[in-house]
Amino acid sequence: MLGAAPERVSALQPTPDGWLADVEMVELERVPETMTILATYRVTLDSQGQLLGYERQRRYARGQLDRGR
22 MLGAAPERVS ALQPTPDGWL ADVEMVELER VPETMTILAT YRVTLDSQGQ LLGYERQRRY
82 ARGQLDRGR
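Here it is in structure tokens:
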């Protein structure tokens, strides 16, 4: 995750000390693109936007439907 550009930010909320965000990242590029593996990470940022920590929440193929979430 470190050094890679996020695919998108899917959630963002303020905290007393900064921010919590859910960030989608490409973990493994595949062909066709619908088989590319993405992951959602919950990241903790300080009030200046500096990364304090992260935890992977889930992994999925780009073409996978999000059922039951």
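Just so we're aligned: the sequence shown equals residues 22 to 90 in the working numbering. No residue lacks a Cβ here, since even glycine has one placed at the ideal position from N, Cα and C.
- Taking the CA atoms as reference points, residue 33 sits about 31 Å from residue 52.
- Along the stretch 34-58, the beta strand (DSSP E) occurs as fully enclosed runs of 3 or more residues at 39-49, listed in sequence order.
- Distance check between residue 42 and each of 48, 50, 30 and 49 places 30 closest, using alpha-carbon atoms only.
- No residue range can be given for residue 69, since it is assigned to no beta strand (DSSP E) and is classified by DSSP as neither H nor E.
- Residue pairing by DSSP places residue 26 in no beta bridge whatsoever.
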